[in-house]
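Quick note on the numbering used here: the sequence shown kicks off at 960 and runs consecutively. Glycine included, C-beta positions come from ideal geometry on N, C-alpha and C.
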Amino acid sequence: MRQEVSAGVILFYRGSAREYLVLDYGSHWDYPKGHLKAGETSRNAALRELQEETGIAGIRLLPGFEERIRYTYRKAGTAVWKRVVYYLGESLTRAVALSEEHHDYAWLGYPEALNRLTYPSARQLLRKAERFLSAAPRPETPPGDPLSTLPRF
């Protein structure tokens, strides 16, 4: 069985409400992801793939969130064993320059994104990301510090 290793980003934007980016691959909705190049770390691959597929760069990856999934699929009649590592990232923009490998994209609130994602593993990842963000402690800031007025994740 052939093996593949990929990396991706569960990307969110914090506006008046948190929104997640999902991509239409033609046959399914999922997160930006792609194969690691020789010698590339999964983190660097995830950031590179995000930029290649969406045009979004300069995101903030949240420490402490790294989730892995495994699955098999068929490609040209051959079974492929795939492993994917996902990171959680915050985008400062909603502007997307979609690559040719995708048909569409959407920034969606949690319930809508959960419904749009095709695969159960992708929905499980989103649940974990939402729990992680909801449980994230607010950074300590001194009284009167302008950062103290920033909303929680």
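Contact check, residue i vs residue j, beta carbons under 8 angstroms
{"i": "E1060", "j": "E1012", "result": "yes"}
{"i": "I969", "j": "A1056", "result": "no"}
CA nearest to the CA of residue i, picked from the options
{"i": "G1017", "options": "T1052, W1040 and A997", "result": "T1052"}
{"i": "G993", "options": "Y979, G967 and F1024", "result": "G967"}
{"i": "E978", "options": "P1070, R1042 and Y1032", "result": "P1070"}
{"i": "A997", "options": "G1023, F1024 and E963", "result": "E963"}
Limits of the unbroken beta strand (DSSP E) element including residue i
{"i": "Y1069", "result": "Where Y1069 is concerned, there is no enclosing beta strand (DSSP E), although the alpha helix (DSSP H) it sits in stretches over Y1069 to R1075."}
{"i": "N1031", "result": "One point to set straight first is that residue 1031 is Thr, not Asn, in the sequence displayed. Its beta strand (DSSP E) spans residues R1019 to K1034."}
Distance, residue j Cα to residue i Cα
{"i": "A976", "j": "S1050", "result": "13 angstroms"}
{"i": "F1091", "j": "Y984", "result": "26 angstroms"}
{"i": "W1114", "j": "V981", "result": "Coverage of the chain is limited to positions 960 through 1112, which leaves residue 1114 absent and any answer about it impossible."}
{"i": "W1040", "j": "R973", "result": "35 angstroms"}
{"i": "D1104", "j": "R1019", "result": "Low confidence applies here, because D1104 scores a pLDDT of 39, under 50, leaving its location unreliable and the question unanswered by this model."}
{"i": "G1068", "j": "Q1083", "result": "15 angstroms"}
{"i": "S1001", "j": "R1042", "result": "11 angstroms"}
Opening and closing residue of the alpha helix (DSSP H) in which residue i lies
{"i": "L1092", "result": "P1079 to A1094"}
- Item | Validate contact between the region 999-1009 and the region 1044-1059 using beta carbons, cut 8 angstroms, 3 pairs | The region 999-1009 vs the region 1044-1059: in contact.
- Message: Under 8 angstroms: do the region 1024-1032 and the region 978-993 share three or more Cβ pairs, one atom per stretch?
- Response: In short, these stretches do not touch, since the Cβ pair count stays below three.
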